[in-house]
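Since the structure comes first, as structure tokens, the remarks are kept for the end.
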Amino acid sequence: MLPMAIATIAVVLGAVLLATPIGVLSALFCHYYAPKPIARFYRGLLELLAGIPGVVYGFWGLVVVVPLINRWHPPGSSLLAGILLLTLLILPTIALTFDANLTEVSQIYWQNAAVLGLSRWGTIWGVMVPAAQVGLFTAILLGMGRALGETMIMLMVCGNIPQIPTSLFDPIRTLPANIALEMAFALGHHRAALFVSGLFLMGISLISALVAEAIADQRALYD
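Start counting the sequence shown at 0; every next residue gets the next number (numbering that gives the first Met the number 0).
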């Protein structure tokens with residue numbers, strides 16, 4: 000179970016680290032830089048991507064991403080493939096959630112920054128983004144929750160070898176994929192171990208939610 004737990008954490012953290020800056024920049028582009036028609040189109044595209052099932056991403060990864068990685072460094076089914084596909088899966092969630100939170104930030108912040116003579120860049124990064132910090136953490140949490148529970152992508156592109164990854168090109172098996180593969184025939188201690196795997200995933204989600212709530216409460220004290 001330990002190799003699969005480590006692999007699960009590695010692929011989720013990798014995806015979150017990749018998707019978060021891209022999602023933040025996407026939200027800022029829609030909200031502050033893009034003309035309204037382009038912003039509407041881009042939001043619609045993100046909403047479309049958010050509604051695509053994981054199995055579709057997995058199939059695309061299997062026929063496109065895995066062969067590309069295999070040309071570079073075989074085998075193509077690897078931790079890297081899982082990170083790239085999970086990034087694509089959770090990017091719309093992070094971008095749309097953060098964009099919605101930017102809408103809720105009071106325009107008084109923007110007006111006060113303009114009075115102080117701050118540039119657009121300085122206002123966005125020095126005032127608006129910090130004001131929406133709790134919303135950003137919520138977006139990251141939602142994306143991480145979806146990545147933690149994703150099964151089909153992990154089954155299709157990661158190689159399904161239960162080992163501790165030592166490089167991005169190592170095949171891995173995650174806990175959700177292992178539960179899906181083995182629950183149908185598991186008995187006794189084997190079945191109990193799969194339930195423990197599920198509890199481990201729930202525990203990570205619970206801890207993340209508690210940390211998010213604590214940060215939100217702390218932020219509310221200063222607001």
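Note that CB positions come from ideal geometry on N, CA and C, so glycine has one too.
All values derive from a computational prediction rather than experimental measurement.
Where the alpha helix (DSSP H) through residue i begins and ends
i: A6; result: L1 to L27
i: Y41; result: K35 to A49
i: T137; result: Q132 to G148
i: L88; result: L78 to E103
i: A112; result: Q106 to V114
i: P74; result: Unbroken run through P74: none, as it is neither H nor E.
i: G121; result: R119 to T122
For residue i, the three-state DSSP class (helix, strand or coil)
i: G158; result: strand
i: I163; result: coil
i: V54; result: helix
i: A185; result: coil
Per DSSP, the bridge partner or partners of residue i
i: I171; result: G158
Residue-chain proximity (residue i, chain E), Cβ-Cβ < 8 Å
i: R119; result: The structure shown contains no chain E, having only a single protein chain.
Below 8 Å, can you find three or more Cβ-Cβ pairs linking the stretch 145-156 to the stretch 175-184? The stretch 145-156 is in contact with the stretch 175-184.
For the 8 Å Cβ check, are there 3 or more pairs between the stretch 84-101 and the stretch 14-28? The stretch 84-101 is in contact with the stretch 14-28.
Report yes or no: do the stretch 115-122 and the stretch 41-49 share at least 3 C-beta pairs separated by less than 8 Å? Proximity of the stretch 115-122 to the stretch 41-49 falls short of the contact definition, fewer than three beta-carbon pairs being nearer than 8 Å.
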